[in-house]
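In the order they appear, the protein sequences are chains A and B.
Take the position in the first sequence, starting the count at 1, then add 724; the result is the number in my numbering.
Take the position in the second sequence, starting the count at 1, then add 3; the result is the number in my numbering.
Report on one structure; see the data block that follows.
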Amino acid sequence: MLSVFMYTLRSHRIGLLAVSFGLFLMSLIIVYTFDAFGGLDTIAELFESLPAPMTAMFRAQAGFGTSITSYIALDYRHPVYIIAGLAFVLSVSGGAAAREIERGTALMLLASPIPRWRYLLAKVGVLVVGAVIIVAMAWLGSLAGAALTGLAGDVEAGTLLLAQVNGLGVLLASGGIAMLLSAVSSDGGRTVSVTAGILTVMYFLDFVGAIWSPAEPLAPLSLFYYLDPLAVAAGGSTFLRDVVVLFGVGLVGFVAALVLFQRRDITR
Amino acid sequence: MQALAVSGVHKRFGSVQALQGVDLAVERGAIFGFLGPNGAGKTTTIRVLTGFIRADEGDAHVLGMDAWSDTVAIKARLGFLPDIVAFASGFTGQEFLNYVASLRGIRGRLPRQAELLERLELPNAALRRKVKGYSSGMAKKLALVQAMQHDPDVLIMDEPTEALDPLMRQELFSIIRETRDRGATVFMSSHVLSDVEEVCERVALIRDGRIVGTGSVEALREGKARTMVVEFRGTPPDRLSVRGVEVLSRDGVRWELAVSGDINDVLRELARHDIADMTYERLSLESLFMGFYGEDGGRELTGA
Numbered sequence: 725m726l727s728v729f730m731y732t733l734r735s736h737r738i739g740l741l742a743v744s745f746g747l748f749l750m751s752l753i754i755v756y757t758f759d760a761f762g763g764l765d766t767i768a769e770l771f772e773s774l775p776a777p778m779t780a781m782f783r784a785q786a787g788f789g790t791s792i793t794s795y796i797a798l799d800y801r802h803p804v805y806i807i808a809g810l811a812f813v814l815s816v817s818g819g820a821a822a823r824e825i826e827r828g829t830a831l832m833l834l835a836s837p838i839p840r841w842r843y844l845l846a847k848v849g850v851l852v853v854g855a856v857i858i859v860a861m862a863w864l865g866s867l868a869g870a871a872l873t874g875l876a877g878d879v880e881a882g883t884l885l886l887a888q889v890n891g892l893g894v895l896l897a898s899g900g901i902a903m904l905l906s907a908v909s910s911d912g913g914r915t916v917s918v919t920a921g922i923l924t925v926m927y928f929l930d931f932v933g934a935i936w937s938p939a940e941p942l943a944p945l946s947l948f949y950y951l952d953p954l955a956v957a958a959g960g961s962t963f964l965r966d967v968v969v970l971f972g973v974g975l976v977g978f979v980a981a982l983v984l985f986q987r988r989d990i991t992r
Numbered sequence: 004m005q006a007l008a009v010s011g012v013h014k015r016f017g018s019v020q021a022l023q024g025v026d027l028a029v030e031r032g033a034i035f036g037f038l039g040p041n042g043a044g045k046t047t048t049i050r051v052l053t054g055f056i057r058a059d060e061g062d063a064h065v066l067g068m069d070a071w072s073d074t075v076a077i078k079a080r081l082g083f084l085p086d087i088v089a090f091a092s093g094f095t096g097q098e099f100l101n102y103v104a105s106l107r108g109i110r111g112r113l114p115r116q117a118e119l120l121e122r123l124e125l126p127n128a129a130l131r132r133k134v135k136g137y138s139s140g141m142a143k144k145l146a147l148v149q150a151m152q153h154d155p156d157v158l159i160m161d162e163p164t165e166a167l168d169p170l171m172r173q174e175l176f177s178i179i180r181e182t183r184d185r186g187a188t189v190f191m192s193s194h195v196l197s198d199v200e201e202v203c204e205r206v207a208l209i210r211d212g213r214i215v216g217t218g219s220v221e222a223l224r225e226g227k228a229r230t231m232v233v234e235f236r237g238t239p240p241d242r243l244s245v246r247g248v249e250v251l252s253r254d255g256v257r258w259e260l261a262v263s264g265d266i267n268d269v270l271r272e273l274a275r276h277d278i279a280d281m282t283y284e285r286l287s288l289e290s291l292f293m294g295f296y297g298e299d300g301g302r303e304l305t306g307a
């Protein structure tokens with residue numbers, strides 16, 4: 725199983741490096757340019773002047789807070805963060821089973837005396853490790869930016885780490901859904917497309933729920949409803965609920981993927 | 004003792020009934036050929052035996068173990084060449100072989116691997132190259148090495164000769180015979196009759212998901228007409244007086260005959276005439292199947 729893990733990690737290393745260093749730099753630059761935006765008061769005024777849909781995108785309808793930690797956490801919900809992280813997740817999960825079956829590469833490998841579920845578990849391991857590396861790099865980028873600008877004393881590293889754990893939950897929950905679809909499919913492209921479609925619908929469900937009250941009851945159906953780094957920075961009470969839901973969805977998705985991959989026919 | 008045993012296996016994919024009660028038995032230490040046209044059910048049967056597909060009905064056993072529930076234990080003793088030879092990206096040839104070996108808990112280069120690489124003419128220079136750039140023939144050779152490098156007790160190969168040149172086919176047949184001589188069982192599918200004739204002791208014919216005949220290759224041939232083309236020098240005879248020969252066409256001195264009788268009688272008759280040229284074609288898979296098409300169920304061939 726270690727061989728499968730190492731090979732899979734190797735085959736995704738370029739994507740993983742690109743995403744994690746990209747988010748490291750983005751996090752660093754966001755803090756590094758903090759003063760250029762005119763400080764907390766100016767940014768607060770800027771947010772107050774934004775239309776509701778814009779603030780809803782960052783889940784900052786109640787204001788973005790009064791600390792630099794909140795300012796950094798706010799950006800952890802930036803669409804670039806989300807898209808970059810999900811790109812890695814979809815790449816690993818789409819290739820984990822469906823693409824290998826589609827291309828026929830799974831046949832010689834699965835003729836080995838290892839249970840299929842363990843083969844897929846190694847791929848799940850790469851997804852989890854990759855997601856942890858991505859959020860850790862984003863977090864380190866924030867700390868590096870704070871250190872470079874002399875703001876380290878004002879930044880609450882532990883709070884930002886919790887905010888990144890919240891982000892990790894979204895990646896793992898999305899990975900669980902993607903891995904489940906990959907485990908039952910023989911078409912890697914379709915798996916990635918369908919998962920991307922589901923996540924897009926969820927994103928807009930959360931967005932619409934935040935700005936349009938009739939859609940509000942539907943928002944909890946979205947994974948992104950539970951991504952609220954600003955609330956973490958503000959010491960909100962939903963953190964535990966959010967991570968339980970997100971990690972729970974991820975766990976259920978991964979376990980279901982392992983069970984179904986073990987039982988399915990490999991027909992390509 | 005049977006190495007492979009398939010009994011009453013059915014498999015349906017959506018509206019397609021891929022297998023309709025397949026029965027097979029392959030003795031240990033045999034080289035068994037599995038013949039059929041494309042889409043007949045060869046690959047589905049092989050996937051059932053290798054635990055990639057679960058049968059809807061019936062039983063499949065390999066070395067006495069259930070092909071589905073005991074598939075991990077079976078695979079520890081199995082070598083498998085799939086119909087689709089495709090490699091995960093990024094590997095060199097040697098890395099791929101090492102990777103497959105590592106999945107079996109084997110580290111380092113196997114002695115058998117070196118021998119197979121040499122005999123199948125895959126030099127070190129080729130092994131250092133990325134598999135992405137391999138020709139179909141090289142890819143097939145690499146896939147054959149991965150299937151045999153760990154000396155399996157059962158070797159299942161789906162279309163092993165496809166993409167190999169004639170010399171490599173002969174080398175592969177030698178390797179297959181030696182594998183059998185070491186006590187292993189070889190089960191190979193093909194849609195090329197001559198390949199199966201060359202190396203297999205017994206065969207099964209599958210068509211439309213049903214076994215339509217099993218037996219020895221000699222028994223398969225029995226009663227099946229083969230085409231002979233004769234070109235007479237000078238004036239051809241009015242007719243050929245020999246049993247088991249039908250004149251299919253006459254184009255001046257060039258006659259096409261269907262020979263189903265004793266070839267010696269035909270040769271004696273032809274020797275009475277002045278012959279300029281003659282060809283006697285191998286029995287084609289199509290001709291072979293003509294004899295079985297339309298028959299209900301499978302049957303054991305005489306002389307098996």
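Glycine residues also receive a C-beta, built at the ideal position from the N, C-alpha and C atoms.
Residues bridged to residue i by DSSP?
i, result
"W258 (chain B)", "B:V233, B:R253"
"V65 (chain B)", "B:L7, B:M68"
"A28 (chain B)", "B:A8"
"I278 (chain B)", "B:F235"
"L798 (chain A)", "None, per the DSSP bridge assignment."
"A207 (chain B)", "B:F37, B:T217"
"E60 (chain B)", "B:H13"
"D161 (chain B)", "B:S192"
Counting only beta-carbon separations shorter than 7 Å, does residue i have a partner in chain B?
i, result
"S910 (chain A)", "no"
"I738 (chain A)", "no"
"G828 (chain A)", "yes"
"V983 (chain A)", "no"
"L733 (chain A)", "no"
"A821 (chain A)", "no"
"L896 (chain A)", "no"
"L845 (chain A)", "no"
"S817 (chain A)", "no"
"I753 (chain A)", "no"
"D989 (chain A)", "yes"
Flag residue i as yes if its beta-carbon sits less than 7 Å from any beta-carbon of chain A, otherwise no.
i, result
"A91 (chain B)", "yes"
"A129 (chain B)", "no"
"K78 (chain B)", "yes"
"S105 (chain B)", "yes"
"V148 (chain B)", "no"
"V256 (chain B)", "no"
"R253 (chain B)", "no"
"I34 (chain B)", "no"
"G306 (chain B)", "Per-residue confidence for G306 (chain B) stands at a pLDDT of 40, beneath the threshold of 50, marking its modelled position as unreliable; the derived number appears in the next sentence. For G306 (chain B), the answer is no, since every Cβ of chain A falls outside 7 Å of its Cβ."
"P240 (chain B)", "no"
"M68 (chain B)", "no"
"F37 (chain B)", "no"
"F190 (chain B)", "no"
"P155 (chain B)", "no"
"F55 (chain B)", "yes"
"F176 (chain B)", "no"
"I209 (chain B)", "no"
Give the single residue among the options whose Cα lies nearest to the Cα of residue i.
i, options, result
"S946 (chain A)", "A:R987, A:S961, A:G893", "A:G893"
"G807 (chain A)", "A:A742, A:V755, A:I825", "Here the sequence assigns Ile to residue 807 (chain A), which means Gly is not the residue at that position. Comparing Cα positions, the closest option is A:A742."
"L223 (chain B)", "B:F37, B:V248, B:R110, B:G17", "B:F37"
"T164 (chain B)", "B:I77, B:Y137, B:E201, B:P126", "B:E201"
"A261 (chain B)", "B:Y283, B:L147, B:R271, B:A33", "B:Y283"
"P239 (chain B)", "B:L167, B:E272, B:G54", "B:E272"
"S252 (chain B)", "B:L270, B:L52, B:R246, B:V232", "B:V232"
Contact defined as beta carbons within less than 8 Å: I believe residue i pairs with residue j. What is the distance between those atoms, to the nearest angstrom?
i, j, result
"V134 (chain B)", "G96 (chain B)", "6 Å"
"V9 (chain B)", "F190 (chain B)", "About 10 Å separates the two Cβ atoms, so there is no contact after all."
"Y795 (chain A)", "F758 (chain A)", "7 Å"
"D911 (chain A)", "F55 (chain B)", "Between F55 (chain B) and D911 (chain A) the Cβ distance is about 17 Å, and since that is not below 8 Å, they are no contact."
"L22 (chain B)", "T53 (chain B)", "Their Cβ separation, rounded to whole angstroms, is 14 Å, which puts L22 (chain B) and T53 (chain B) out of contact at 8 Å."
"G212 (chain B)", "G44 (chain B)", "4 Å"
"V973 (chain A)", "A897 (chain A)", "4 Å"
"L158 (chain B)", "L167 (chain B)", "Going by Cβ atoms, the distance from L158 (chain B) to L167 (chain B) rounds to 16 Å, so no, they are not a contact pair."
**Message:** With three or more beta-carbon pairs closer than 8 Å as the criterion, would you say the segment 77-87 of chain B touches the segment 824-831 of chain A?
**Reply:** With a cut-off of 8 Å, the segment 824-831 of chain A and the segment 77-87 of chain B count as touching, because enough Cβ pairs lie within range.
**Request:** Check whether the segment 151-167 of chain B touches the segment 96-111 of chain B, counting contact only when three or more Cβ pairs, one atom from each stretch, lie closer than 8 Å.
**Result:** Taking a cut-off of 8 Å for Cβ pairs, the segment 151-167 of chain B and the segment 96-111 of chain B touch, as three or more such pairs fall below it.
**contact_flag[the segment 856-866 of chain A, the segment 923-936 of chain A] where n(CB pairs < 8 Å) is 3 or more** = Flag = no, the segment 856-866 of chain A and the segment 923-936 of chain A do not touch.
**Asked** Can at least three beta-carbon pairs, one atom from the segment 904-917 of chain A and one from the segment 976-987 of chain A, be found at a separation below 8 Å?
**Response** Counting Cβ pairs under 8 Å, three or more are found: they touch.
**Prompt:** Is it a yes or a no for the segment 873-883 of chain A touching the segment 811-822 of chain A, going by three-plus beta-carbon pairs under 8 Å?
**Reply:** Not touching, per the Cβ criterion.
**Prompt:** Just checking, does the segment 947-959 of chain A make contact with the segment 886-900 of chain A on the three C-beta pairs under 8 Å criterion?
**Reply:** Result yes; three or more Cβ-Cβ pairs closer than 8 Å.
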